[in-house]
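Remarks on the structure that follows.
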Amino acid sequence: MDTETSTDTGGGAPAVLVVDDDPLILRTLEVNLRARGYTAYLADTGERALKLVARYRPDLLLLDLGLPGMDGLEVLRGLRGWTDVPVVVLSGRDTEAMKVEALDMGADDYVIKPFGMDELFARVRAAMRRSTVPEYEEPVVTADFTIDLAAKQVVKDGDPVRLTPRQWHIVEVLARNPDRLVTHKYLLNEVWGPSYGRETNYLRVFMTKIRQRLEPDPPRPRYFLTEPGLGYRFRPEGTGGV
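With the UniProt record's numbering, the residue at position 41 of the sequence shown is 41, and numbering never jumps.
Written as structure tokens, this is what we have:
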């Protein structure tokens, strides 16, 4: 069966690539995408998925982890080498370790099978919103680094800083809210998705990595400050804190 097919609704509709080896899931998601005004591309292997992403540049991927041959994590790893297209993982593997691995590798959300269509499409819309930025925005300049919101990168000492997609999303959310308290729940919702809100351990781990890459003295941060029990605050002027 050739699953390298598409359903184009025209008129600049957002495009979603569905990657799953189950023909029923492919067909069900294709029908639901069409009904909601999306353009649908379909692939039943990881290898085909990578080809279709390069060819059509979809706005989002719905990616099954349990694919034959190249599995979903390998697809995700391959994508994150050259594109930050939003990826919503679809999986029957409901374990924290698997979720963390997929999210750490750059997935934008993780949906457990079986899932409700309304919830799935709410997550699709949220992931697309998080990936949309204006054509030009003033960079956020500090004494030690510059956050280029339009280019989605941080420059330090004249060179781009290597950040994972999730690390960048955290920096981006904080930089868009300078000098404001960003609560744990808000940050988790924005970066991980609407089903997250209590996983503050995720934030601690990622914030440690961000500080190691950006702060001049990571154990005593000047820019990315912790508000104990509440959340985080980004101070572009670099005044110190805990």
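Beta carbons are placed, not taken as given, at the ideal position from N, Cα and C, and that holds for glycine.
Alpha carbon to alpha carbon, what distance is there between G158 and R176?
Looking at the two C-alpha atoms, the distance is approximately 22 Å.
Going by beta carbon distance, what residues of the same chain come within less than 6 Å of K156, once the five residues before and after it are set aside?
Answer for K156: F145, listed in chain order.
In angstroms with no decimal places, state the Cα-to-Cα distance between N189 and A127.
Looking at the two C-alpha atoms, the distance is approximately 10 Å.
Quick one: what's got a C-beta closer than 6 Å to D21's C-beta in the same chain, skipping five residues either side?
Only D44, L67 and P68 meet the Cβ criterion.
In angstroms with no decimal places, state the Cα-to-Cα distance between R36 and L230.
If you take the alpha carbons of R36 and L230, they lie about 38 Å apart.
So the alpha helix (DSSP H) S131 belongs to, where does it begin and stop?
M117 to S131 is the extent of the alpha helix (DSSP H) around S131.
Going by DSSP in three states, R55 sits in which element: helix, strand or coil?
Helix.
Do you know offhand how far R211's Cα is from P221's?
Each residue's Cα considered, the two are about 7 Å apart.
Sort Q153, L60 and L163 by Cα distance to D109 and report the nearest one.
Selected option, being the one with the closest Cα: L60.
Taking the straight line between their C-alpha atoms, what separation do you get for R34 and A40?
Going by the C-alpha atoms only, they are around 7 Å apart.
Sort R204, V141, A49 and R57 by Cα distance to A13 and report the nearest one.
Taking only the C-alpha atoms, the option nearest A13 is R57.
Tell me the DSSP bridge mates of D22?
The partner list for D22 (beta bridge, DSSP) is empty, contrary to what the question assumes.
Between the C-alpha atoms of R48 and M105, what's the straight-line distance to the nearest angstrom?
Approximately 20 Å between the Cα atoms of the pair.
Excluding the five sequence neighbours on either side, which residues of its own chain have a C-beta within less than 6 Å of the C-beta of V154, listed in chain order?
Hits under 6 Å: F145, I147 and V161.
What separation, rounded to the nearest whole angstrom, lies between the Cα atoms of A150 and E172?
Each residue's alpha carbon lies about 10 Å from the other.
Under the three-state reduction of DSSP, which class applies to M1: helix, strand or coil?
In this predicted model, M1 has a pLDDT of only 43, less than 50, meaning its place in the structure is not dependable; the value taken from the coordinates is given anyway. Coil, per DSSP.
How would you call G238, buried or exposed, if buried means at least 16 neighbouring beta carbons within 10 angstroms?
With fewer than 16 other Cβ atoms within 10 Å, it is exposed.
What's the gap between the Cα of E199 and the Cα of I25?
Those two C-alpha atoms are separated by around 30 Å.
Tell me which same chain residues have a C-beta within less than 8 Å of the C-beta of V124, skipping the five on either side of it?
For V124, where only same-chain residues beyond five positions count, the Cβ hits under 8 Å are V16, L60, L62 and V88.
What is the rounded straight-line gap between the Cα of P228 and the Cα of D217?
Computed Cα separation, rounded: 19 Å.
With a CB to CB cut of under 8 Å and the five nearest residues on each side skipped, what residues in its chain are close to L65?
Counting only Cβ-Cβ distances below 8 Å, and skipping sequence neighbours, we find D71, G72, L73, V89, L90, S91, R93, M98 and A102.
What's the C-alpha gap between D2 and V85?
The predicted position of D2 is uncertain, since its pLDDT is 44 and thus under 50; a value taken from the coordinates is nonetheless stated next. Looking at the two C-alpha atoms, the distance is approximately 24 Å.
Over the uninterrupted beta strand (DSSP E) stretch that includes P160, give me the two end residues.
Element bounds for P160: D159 to V161.
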